[in-house]
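Take any residue in the sequence shown, count from 1 to its spot, add 20: that is its number in my numbering.
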Amino acid sequence: MPKYVFITGGVVSSVGKGVAAASLGLLLEARGLKVAIMKLDPYINVDPGTMNPFEHGEVFVTHDGAETDLDLGHYQRFTHAKISQKSNITTGSVYHAVIEKERRGEYLGKTVQVIPHITDEIKRRIRMLTADAEDDADVALIEVGGTVGDIESLPFLEAIRQFNLDVYPNPCCNVHVTLVPFIEAAGELKTKPTQHSVSALREIGIQPHVIICRTGTHQLGADQRRKIAMFCNVTEDAIIGATDARPFYAIPLNFHKHGLDDIVLKRLGIETTPPDLSAWNAMVERITHPKHEVRIAAVGKYIDHEDAYKSINEAFVHAGVANDCKVKLEWIDSETFENGSLPSKKLSEYDGVVVGPGFGSRGIEGKIRAVSYARTAKKPYFGICLGMQIAVIEMARNCLGLQKANSTEFDLETPDPVISLLSEQRGIRDMGGTMRLGAYKCELKPGTRAFTAYGEDVIEERHRHRYEFNNSYREALEEKAGLVVSGTHPKSDHELVEIIELKDHPWFCGAQFHPEFTSTPLKPQPLFRDFVKAALAQKLGK
Ligand code: GLN
């Protein structure tokens, strides 16, 4: 059985619990330990798949097809922990399970209550994370979403309180992440909100053993450390100051400098050798001092939530590491290309163009114009999911002369549905969990850019979409548009087109899957890496 670390957050939301959990996972792995990691989310949605990414940030898709919170992306980028269906539960999914059980009569006439039935189900899910022999771990990190003091997170906190007792005599380690704000008028960092947050936690019965204090650009002083330790009933060495780190991937290194891993392991009673952080250090060094720079235009809907495309942003950072190059990704609202602004004028300033994932018809015509520019002006182009579909529509219209070609997602009546639903998908009405989700095998065609990028015959990548390339148009596009189908998923009666590219073009690729979900800083995703390489080559005139 693993030792458990619970990570809660206080004072404000978005305090960085997810990154703290991921960083701790990385530090423990660097000491040779095996970690498991999961997130408990307090909202009622059964999963975040139906939530708007422009409000809540991206939906992260696991290998086994679960639509999960974006913090799982951090876990995957920082650690080797297996991220699966089991790694993210929500209040909705817990209640769903308990209510189904109640309907089946499994509670034998009992009144079904938050304590013990909901809390038991939460604890069962936590234990399930490492229940299978292959998932066993030395340390399980459990992040609780939300902020201490929220009504929603109470059942989770109560479950954790019980869990601390259930595993007795094994110790758990409760880590609380808070904000220590700097008040300009007083000219100092204030510890009171942290004291209040910890007192709310202790009222529930949870005593933190480590407090991570986010302090912005200011350093936590000895005075403040002493104060927090005394009022929160925690030893001084367990108060970890955390200033904002640049680059982002330096966060675990800073935590290590402040002794986070040491103090957690001391509490858990685990002894190890010091961590080997050399590869991570070297990667951070490369991000900090890149030799080159490229500018990439990301053409999409207007976005005002910076986490809406979190994994794509990060995959470009990783691709930059591989090419010793800073990637400046700039988001351009595709609707501007529908309102008179010329793609040729705007996009010529950039070294590459990307069209990312998306749903709904807004801004589609602008994206088609952007692709048209990238194709004819021979700018490196990378289409991700919707971006691949847009490229197919563009070529059907402008190379095959099918003026009204479209995806049936945007025009049900189109005479040329070059992107459409498969016949077996028609008639599905539920919105949650009904897409093609998770990893599928993809066979690569030798001699293509995709094959060069991956260096393998068969790969696996993750999907999240409903619509597919319509094979009836494949021959015409291959013959008249120079389209190359370089990746396919074999099905019993037909092939699903997974990757397309262009013959006479420096680098033009579209993937029906989401390559961003498998990229990590130490193992950049091959298509992102080669796209950035092509953009850099074009910039350097090679
Ligand atoms: N809307 C498209 C589909 O459902 C693309 C989805 C995506 O980009 N993830 O097929």
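Yeah, the Cβ is synthetic: ideal placement off N, Cα and C, and Gly gets one too.
Just how far apart, CA to CA, sit Asp-84 and Ser-440?
24 Å
Which of helix, strand or coil DSSP assigns to Glu-498
helix
Count the other C-beta atoms from every protein chain shown that fall within 10 angstroms of the C-beta of Thr-211, then say buried if there are 16 or more, exposed otherwise.
buried
Alpha-carbon spacing of Gly-166 relative to Ile-519, whole angstroms
39 Å
Over what stretch of residues does the alpha helix (DSSP H) that includes Trp-300 continue unbroken?
298-308
Can we count Glu-87 as close to the ligand GLN, meaning its CB is less than 7 Å from some heavy atom?
no
Roughly how many angstroms separate the alpha carbons of Met-455 and Ser-217, rounded to a whole number?
40 Å
Are the beta-carbon atoms belonging to Pro-310 and Lys-365 less than 8 Å from one another?
No, they are not a contact pair.
Roughly how far, in whole angstroms, is the beta-carbon of Ile-404 from the beta-carbon of His-509, given that I think they are within contact range, below 8 Å?
The beta-carbon separation of Ile-404 and His-509, rounded to 17 Å, does not stay under the 8 Å limit for a contact.
Boundaries (first-last residue) of the beta strand (DSSP E) holding Lys-398:
Lys-398 -> no beta strand (DSSP E), and no H or E assigned at all.
Could you check the C-alpha separation between Arg-266 and Gly-36 for me, to the nearest Å?
14 Å
Segments of 4+ residues assigned as alpha helix (DSSP H) that fall wholly inside the segment 163-187
Qualifying alpha helix (DSSP H) stretches, in chain order: 174-186.
Give the single residue among Leu-522, Leu-516, Ser-368, Lys-348 whose Cα lies nearest to the Cα of Gly-467.
Leu-522
How many angstroms separate the CA atom of His-312 from the CA atom of Asn-65?
44 Å
For Leu-464, which residues from the same chain have a beta carbon less than 8 Å from its beta carbon, with the 5 sequence-adjacent residues on both sides left out?
Ala-470, Phe-471, Tyr-474, Glu-476, Asp-477, Val-478, Ile-479, Ser-506, Gly-507, Ile-519
Taking C-beta to C-beta, are Gly-45 and Tyr-95 nearer than 8 Å?
yes
What is the DSSP secondary structure of Leu-149, counted as helix, strand or coil?
coil
Would Ala-417 pass as a contact of Ala-411 if the rule is Cβ separation under 8 Å?
Note that residue 417 is Arg in the sequence shown here, rather than Ala. For Arg-417 and Ala-411, no; Cβs fall outside 8 Å.
For the pair the segment 185-193 and the segment 281-299, tell me if three or more CB-CB distances fall below 8 Å.
When Cβ pairs closer than 8 Å are counted between the two stretches, the segment 185-193 is seen to touch the segment 281-299, the count reaching three or more.
Between the segment 254-273 and the segment 225-244, are three or more C-beta pairs nearer than 8 Å?
Between the segment 254-273 and the segment 225-244 there are three or more inter-stretch CB-CB distances shorter than 8 Å, so the stretches are counted as touching.
Inter-residue spacing [alpha-carbon to alpha-carbon] between Asn-333 and Asn-343:
The C-alpha of Asn-333 lies about 16 Å from the C-alpha of Asn-343.
State the CB to CB distance for the pair Gly-376 and Gly-407, rounded to an integer number of angstroms; the pair is presumed to be in contact (CB under 8 Å).
6 Å
Is Pro-377 close to the ligand GLN? I mean its beta-carbon at under 7 Å from any heavy atom of the ligand.
yes
Using 10 angstroms around the beta-carbon of Leu-92, count the other beta-carbons present and answer buried if the total reaches 16, otherwise exposed.
Taking a 10 Å sphere around the C-beta of Leu-92, we find 16 or more other C-beta atoms and assign the residue as buried.
Uninterrupted beta strand (DSSP E) stretches inside the segment 315-392 (no shorter than 3 residues):
345-353, 372-375
Can you tell me which residues form a DSSP beta bridge with Met-58?
Ile-162
Nearest candidate by alpha-carbon position, reference Val-319, set Ile-307, Ser-298, Ile-388
Ile-388
Under the three-state DSSP convention, the category Glu-433 falls into
coil
Is His-485 near the ligand GLN - that is, is its Cβ less than 7 Å away from at least one heavy atom of it?
yes
In whole angstroms, what is the alpha-carbon distance linking Phe-98 and Glu-499?
44 Å
Considering only C-alpha positions, which residue in the set Glu-536, Asn-491, Ile-283 is nearest to Glu-481?
Glu-536
Those residues which DSSP pairs with Pro-510 across a bridge
Glu-515
Please indicate yes or no: does the CB of Cys-529 lie closer than 7 Å to some heavy atom of the ligand GLN?
no
With C-beta atoms as the reference, is Val-187 less than 8 Å away from Cys-233?
no
Thinking just about the alpha-carbon of each residue, which of Asn-359, Gly-372, Ser-361 is nearest to the one in Leu-349?
Gly-372
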